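Reviewing the structure listed below.
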Amino acid sequence: MGKLILEEKFLRELDSLRLLSKKVESGHFQGERRGSRAGSGLEFIDYQPYQVGDDYRYIDWHLFSRFEQLFIKLFVEEKDLRVHLLIDKSFSMSTGVPSKIEYAKKLAAALGYIALVNFDRVGITSFTSCLEESLPPRRGKLQILELFRFLEKISSRGETNFNFCLNKFASRERKSGVAIVISDLLDEKGYQEGLLSLRTRGWEISLIHILEEREVNPPEEKGVVLVDKETHKRIETEVTPSTIKLYQKALEDFFKEIENFCEYYQIKYLRTLTSLSLSSLIFRNLRRKKVLK
Amino acid sequence: MSFLNPLALWLLSLTGIIILFYLLKRRKREVFVSSIFLWKKIVKNLPSPEFHWKLPFSWILLLQIIILILMILALSNPFLFRKSKENFLVIVLDTSASMKSTDVFPNRFFVAKKRIKEFLETLPQNTKIALISSIPPQVLSSFSDSKSHFLEKLRDLEPLDVPGKEKEALNLALSLISKKRGEIFFFTDTSFPSKILSLKENIELVPVVSENPRNIGITHFDIRSTAGKIGEYEILVKIENFSLGKEKIILRILANEKLLHQEGFELPASGKKNFTYDFICNQKIYLKVEIKTTPPDDFSIDNFVGAVIYPEQTLFVLLVSQGNLFLETALKTYPQIKLFVKNKISQEQLPEYDLIFFDKVTPPFPLKGNIICIGILPPNLPIESKGWERDLPVTYVKSSHPLFRFVHLGEMNVRRALSVSSLPGAEILLRSFQIPLMQIWQRENLTLLLISFDFYESDFPLQVGFPVFIFNLLQWFHPEVFDPQYYKVRTGEDFFVSREGNNLLVGPHNHSTKLEGKSIFSRVNFVGPYKLNGDVYFVANLLNSQESNIFPQAKNHSLKIEEEFSPAGEEDKWFLFPLLILLSLVLLLGEWYLYYRGMQ
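Residue numbers (my numbering), protein chains in the order written: chain W, 8 to 300; chain C, 606 to 1205.
Next up, the structure:
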């Protein structure tokens, strides 16, 4: 399975985790998650007088024998969770050591693994300036290899159009679920519209913002031309300590803006650096942000 | 190190341009970032990045600068003085007429030769000497350390009665030492324009002249026939006093050694007098004008002028034509011409005429004498004809030719002309594009002027210059008839002997020359009568006031020759130009290699 195979030991550690979501009703199939409505689960919750159309298999014969009335047993509905991983694979994701895209792919593999282990349906869509290759939602541990293979093929290229892609995705998918968006959010056109579009269509969003060390702490460079990796636009400047300070201030403002936005729209937002180990991110940060349990 | 062309060193400023190009060309290091949109926000508020003057070290740049400097240095033509074992010395000896002045005993030329000999004694052994004469300016002895050879050449040298060509002689001397560091010594009496005195540093003037020479001279002499009076002539003589004091002068005019007129007068210092005299001449005379002063002056050559005057001659001119009013009228104007008009002529009759015009009439074969063909081609000539060509503008006029003296044919139109090629060796005088309209072809016994258009097919006869052209034509064919001054020349000029057959020309000093047929005599070197076959044929005169002025012009020039001679030729110029070019080519090769390696 190549580079993306997460170590077996690490995968075993992931077995103990599961994705946290309030959106269990979104699943099509019976799963292992307790739904908010009565359904065909195993856990009994109540009785209800029989009505025409009810499944007569759930008529409680014991109560009928005692009260001669037809009652239906109600169980907690156990539904599967639809989890969709949206991975930004634009060229800006190729920077860093390890590169942001590699980091994002490993993270997606881990999250996908966690979801599949827990019988959630997992789909993946990568995007740049438009929606790119997509892995349709699938369920079951057997799909793990397929998911890994899919992720393996993803490589970064092209420009980002975050809003357009998320809009497109939201309008394409009829059922909502949990959307885990992995991106560096470095799109001049913004991110708000796309996230809002998902949000308004009922998706529960976890936004994982990946950055690399040099983006946060750029080194000093004199007489250089900064070239945008995606657009190849150039900007001539001196990267001096004072410029760096100004840049970091702008970055802080940018982060603050994202945080405020996410908080307002109840989006789970997690920012991470590629230098942070994946296990730390998963076992500590994602759990802390209640993305995982 | 010295430079022959130091101005080229200004080009060194070009090195700055190369460096500037490198500074401008220098590309800033590109740093790829994920996105620049955050940078954009902050850069708006930052001052523009400063320009970095520091250039990274580059072998190619260094080589280019060195190559440029070397090439500019090569352009400035630098040279070093290096010790030379040989000394170069050029001795220029003035051989002009004024060197015959006797103000120093026995004359200036003799004294100059003596002083040169004395000078040779003082020269170091390793000195190479060259000898140049001023008349004519030529190298008589090229650089040699053989004094005997030099003295032999010096001994044979004699002054001529010819005005000096000092400038040419000095230029020749300078050209001899142009690549050496040598010195020129000019032994002269300084009878030349004062402009020449602004000599270069390495020319040492050695005047051979006394402080107060005396001379009177005839500096101008003209003869003309009196207008409208056949056989009457006028002469004009200009006499100048070049002495510092007043001179009593006796002027005598003689014809064939018989005294015609004599008069005495006084001329103050630097005084001038013009004198005219009228006389009648019905036969050939040898006219002589002499001036004398007592005691005799120091320069006698200019005390005499002479001329040979021939009586009016009649020229037999034949016009072979069906009728040409323009030509006939023009030729009849001249009393010296006896004009015959005929429709045709046989070959045997050709020698009877001095000049024959064939106007649209085919001449007989073979042609002889002085022939002018108009609008017709003589038979059996090595010439191609492509028939008649129409509307030919004049595109070329050889205006320097005597036929076109005071004649302008630039706007002449030719409606129809024979499209002929040029005769081999012919002189083209008039041309329309590639078609010769007038050409002169000279062969033994034949002088042919071929006019390939008919006068009636052009506006040539209507041109103002047409009669002048006819006169020029007559004078060119027979100058002895139409130019009374023909038999009077200045020394140094050429003389055209227009007499046929074998002739013996004897000069004033009995130098004889054999001449075959009409020829140019170019050795008119002495003043006096020149006799052809025993008769006085023409007379040569000096007539040069500059040469007659034997007063020293360079009195203040120091005579370094009398001091100890320290030849500057101890050092020789070593030109660095080839070395610099070679070096820059080698470096250019290196620069190319570095660049090529860099490209790979």
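In this text, a Cβ means the ideal position worked out from N, Cα and C, and glycines have one as well.
All values derive from a computational prediction rather than experimental measurement.
Relative to the C-alpha of residue i, which residue among the options is closest?
| i | options | result |
| --- | --- | --- |
| W1179(C) | R1020(C), S681(C), F686(C) and S618(C) | F686(C) |
| Y1198(C) | Q669(C), T1096(C) and V709(C) | Q669(C) |
| P105(W) | L285(W), R295(W) and E180(W) | L285(W) |
| E809(C) | F790(C), H825(C), I721(C) and K1136(C) | F790(C) |
| E852(C) | R634(C), V842(C) and P873(C) | P873(C) |
| L192(W) | R181(W), T132(W) and N168(W) | N168(W) |
| T967(C) | F1082(C), L1067(C), S780(C) and S1057(C) | S1057(C) |
| H1114(C) | Y882(C), K1136(C) and S703(C) | K1136(C) |
| L1110(C) | Q1068(C), L986(C) and V1144(C) | V1144(C) |
| F792(C) | L856(C), V813(C), L777(C) and K772(C) | V813(C) |
| N985(C) | P969(C), Y915(C) and G992(C) | P969(C) |
| F171(W) | K196(W), Y276(W), L13(W) and K275(W) | K196(W) |
| L619(C) | I671(C), N650(C) and S639(C) | I671(C) |
| R164(W) | L173(W), K16(W), L81(W) and E140(W) | E140(W) |
Please confirm if residue i has its CB atom under 7 Å from at least one CB of chain W.
| i | result |
| --- | --- |
| L643(C) | yes |
| S639(C) | yes |
| I624(C) | no |
| E1175(C) | Because the pLDDT at E1175(C) is just 49, under 50, the model does not fix this residue reliably, and the value given afterwards should be weighed accordingly. E1175(C) does not count as touching chain W. |
| E1196(C) | no |
| K649(C) | no |
| R1202(C) | no |
| K646(C) | yes |
| K1178(C) | no |
| V1191(C) | no |
What residues in its chain sit with their C-beta under 8 Å from that of residue i, if we drop five residues either side in the sequence?
| i | result |
| --- | --- |
| G1203(C) | I665 |
| Y627(C) | L660, S663 and L666 |
| K722(C) | L756 and L759 |
| K236(W) | F98, S99, S101 and T102 |
| R179(W) | L138 |
Checking contacts by CB at 7 Å: is residue i closer than that to chain C?
| i | result |
| --- | --- |
| D235(W) | yes |
| E14(W) | no |
| T281(W) | no |
| K300(W) | no |
| G34(W) | Only weak support is given to the placement of G34(W): the predicted model assigns it a pLDDT of 49, under 50, and the question is left unresolved by the model. |
| T247(W) | no |
| E20(W) | no |
| K10(W) | Reliability of the predicted coordinates at K10(W) is poor, the pLDDT of 49 falling under 50, and the value obtained from them is presented with this limitation in mind. So, not an interface residue. |
| L193(W) | yes |
| T132(W) | no |
| K29(W) | no |
| I242(W) | yes |
| E159(W) | no |
I want to see whether chain B comes within less than 7 Å of residue i, judged by CB atoms only; does it?
| i | result |
| --- | --- |
| V231(W) | The structure shown has no chain B; the protein chains it does contain are W and C. |
Which same chain residues end up closer than 7 Å to residue i when comparing Cβ atoms and leaving out the 5 residues on each side of it in sequence?
| i | result |
| --- | --- |
| S1026(C) | I988 and E989 |
| L142(W) | G130, I131, L154 and F157 |
| D903(C) | S706, T707, D708, P818, R819, N820 and I1155 |
| E1196(C) | I665, L668, Q669 and I672 |
Can you find the residues in the same chain that come closer than 6 Å, C-beta to C-beta, to residue i, ignoring five residues on each side of it along the sequence?
| i | result |
| --- | --- |
| Q927(C) | none |
| I961(C) | L923 and I976 |
| L1055(C) | C978 and Q1044 |
| N1161(C) | Here the model assigns N1161(C) a pLDDT of 43, short of 50, so the residue's position is not dependable, and the following value carries that caveat. Nothing meets the Cβ criterion. |
| E773(C) | P742 |
| L972(C) | P983 and L1051 |
Worksheet entry | Where the segment 249-268 of chain W meets chain C: residues whose CB sits under 7 Å from a CB there | From the segment 249-268 of chain W, only T250, L253, Y254, A257, L258 and F261 have a Cβ closer than 7 Å to chain C.
Fill in: Inter-stretch contact (C-beta, 8 Å, three-pair minimum) for the segment 878-892 of chain C and the segment 1123-1131 of chain C
With a cut-off of 8 Å, the segment 1123-1131 of chain C and the segment 878-892 of chain C do not count as touching, because too few Cβ pairs lie within range.
Worksheet item: Hey, is the segment 271-290 of chain W in contact with the segment 94-113 of chain W, meaning 3+ C-beta pairs nearer than 8 Å?
Response: Yes, since at least three Cβ pairs between the segment 271-290 of chain W and the segment 94-113 of chain W fall closer than 8 Å, the two stretches touch.
Worksheet item: Counting Cβ pairs closer than 8 Å, one from the segment 1142-1158 of chain C and one from the segment 895-914 of chain C, do we hit at least three?
Response: Note that the segment 1142-1158 of chain C touches the segment 895-914 of chain C; at least 3 beta-carbon pairs, one per stretch, sit closer than 8 Å.
Practice prompt. Specify whether the segment 744-752 of chain C and the segment 764-775 of chain C touch according to this definition: at least 3 beta carbon pairs, one from each stretch, less than 8 Å apart.
Written response: At 8 Å Cβ cutoff, the stretches do not touch.
Item to complete: Could you run through the segment 97-114 of chain W and flag, in chain order, every residue whose CB is less than 7 Å away from some CB of chain C?
Response: If the cut-off is 7 Å between Cβ atoms, the segment 97-114 of chain W has S99 and T102 near chain C.
Worksheet item: For the segment 196-209 of chain W, which residues have a beta carbon sitting closer than 7 Å to at least one beta carbon of chain C?
Response: Cβ contacts with chain C: none found.
Worksheet item: Per the contact definition of three or more C-beta pairs closer than 8 Å, is the segment 989-1001 of chain C in contact with the segment 1012-1028 of chain C?
Response: Result yes; three or more Cβ-Cβ pairs closer than 8 Å.
Worksheet item: Relative to chain C, which residues along the segment 212-225 of chain W have a C-beta separation below 7 Å, given in chain order?
Response: Listed by position, the residues of the segment 212-225 of chain W near chain C (Cβ gap below 7 Å) are E222.
Worksheet item: Hey, is the segment 721-740 of chain C in contact with the segment 812-826 of chain C, meaning 3+ C-beta pairs nearer than 8 Å?
Response: Contact check between the segment 721-740 of chain C and the segment 812-826 of chain C: fewer than three CB pairs, one atom from each, fall below 8 Å, which does not count as touching.
Worksheet entry | Cβ pair count under 8 Å reaching 3, the segment 1064-1076 of chain C against the segment 1004-1014 of chain C | With the cut-off at 8 Å, the segment 1064-1076 of chain C and the segment 1004-1014 of chain C touch.
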